[in-house]
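Chemist: In our numbering, the protein residues as written are 30 to 266.
Ideal Cβ placement from N, Cα and C applies to all residues, glycine included.
Quick caveat: nothing in here was measured; it's all calculated off a predicted structure.
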Amino acid sequence: AYALSDSLHLYTSSYPTAGWFNLVIEGDGTDTILNFDSATSGPGIAIYGWGGRLELARFTLKNAFEDGISVNHGETISSAKYISRLNFHDIVIEDCGRHGLAMTNTYMSEFSSIESRNNQSNGFHLAGNHTSLSFTRCWAGGDATYQNGGNKGTGWFINGVIYSTFEACASDWSGLAGGMISNTCTTNLLICGAESNDKEGFYISTGSTYRTGVAVPDIYGLTLNGCFAYNNSKEGV
30 AYALSDSLHL YTSSYPTAGW FNLVIEGDGT DTILNFDSAT SGPGIAIYGW GGRLELARFT
90 LKNAFEDGIS VNHGETISSA KYISRLNFHD IVIEDCGRHG LAMTNTYMSE FSSIESRNNQ
150 SNGFHLAGNH TSLSFTRCWA GGDATYQNGG NKGTGWFING VIYSTFEACA SDWSGLAGGM
210 ISNTCTTNLL ICGAESNDKE GFYISTGSTY RTGVAVPDIY GLTLNGCFAY NNSKEGV
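In structure tokens form, the structure reads like this:
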């Protein structure tokens with residue numbers, strides 16, 4: 030295990046470094062642990078654009094003060110700064126003070142076999158202005174039912190996503206909905222599941238609440254194909 034007392038900052042552009050393109054950080058499996066329990070501010074890993082071509086793989090990140098991994102850190106969905114060509118796989122993110130994986134203005138990126146569990150807000154937080162994303166076999170869950178486990182917020186917060194896919198992904202034991210989807214267009218959820226979440230399995234909404242800076246103002250062409258929801262909304266099955 031590696032004990033870290035501050036955020037790990039990764040710059041995928043020419044500022045402030047000479048340009049860290051094609052950077053790979055790979056552990057030796059989930060027993061490689063980045064433990065941020067002595068940090069007093071910030072995310073575990075903060076990733077900055079412009080740019081991309083970053084691979085993160087085969088490690089566990091835990092106890093970040095804020096988000097576990099923050100992609101395009103510090104930017105808002107009204108910003109013109111994007112980041113792309115990311116490949117994250119075989120990662121566990123757990124016990125963080127806010128979201129597990131948080132993303133803003135991200136496109137042309139692939140995420141597979143990521144577990145985001147027992148975090149204090151959303152498991153996966155896609156804030157907005159995303160295109161060409163692929164999520165495969167990713168799970169928002171926990172080692173016990175919320176309130177002792179699971180993510181305290183929504184398993185999947187998906188906002189402002191266009192022409193992207195989520196395949197064989199799931200959310201279990203969240204404090205809110207399994208998946209909350211808003212302002213999203215031409216996106217496919219294929220064989221995804223939501224079980225035992227405190228609120229809805231899948232909650233699809235329109236309106237302007239999360240629209241700031243997002244080019245898609247509503248729900249169009251959203252497909253749920255072969256998806257499964259069971260035992261959600263704990264007031265009753």
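1. Nearest to G236 by CA position, among I106, N188, D227, T216, is which residue?
2. Taking only three categories from DSSP, how would you classify A30?
3. Report the option in S203, V53, T133 whose CA atom is closest to the CA atom of S150.
4. What is the residue span of the beta strand (DSSP E) that L83 lies within?
5. Out of H118, G179, N212, N217, state which residue places its alpha-carbon closest to the alpha-carbon of A206.
6. Tell me whether P72 is buried or exposed, calling it buried when 16 or more other Cβ atoms sit within 10 Å of its Cβ.
7. So, under 8 Å CB-CB, N116 and E139 are touching, yes? Tell me the CB distance rounded to an integer number of Å.
8. Roughly how many angstroms separate the alpha carbons of D35 and F94, rounded to a whole number?
9. Grouping DSSP H, G and I as helix and E and B as strand, with all else coil, what is H128?
Modeler: Per the coordinate set shown:
1. For the purposes of this step, residue 236 is taken as residue 207 along the sequence shown, with counting starting at 1. Closest option to G236, Cα to Cα, is N188.
2. Translated into positions along the sequence shown, residue 30 becomes position 1. Correct three-state label for A30: coil.
3. Translated into positions along the sequence shown, residue 150 becomes position 121. That would be S203, whose Cα lies nearest to the Cα of S150.
4. The residue given as residue 83 occupies position 54 in the sequence shown. Counting along the chain, the beta strand (DSSP E) containing L83 begins and ends at 80-91.
5. The residue given as residue 206 occupies position 177 in the sequence shown. Closest by alpha carbon: G179.
6. Position 43 of the sequence shown, counting from 1, holds the residue named residue 72. When all chains shown are included, P72 counts as buried.
7. Mapped onto the sequence shown, residue 116 falls at position 87. Mapped onto the sequence shown, residue 139 falls at position 110. Correct: roughly 5 Å between the Cβ atoms.
8. In the sequence shown, the residue the question calls residue 35 occupies position 6. In the sequence shown, the residue the question calls residue 94 occupies position 65. The alpha-carbon atoms of D35 and F94 are separated by roughly 9 Å.
9. As a first step, residue 128 is located in the sequence shown; it is residue number 99 there, counting from the start. Coil.
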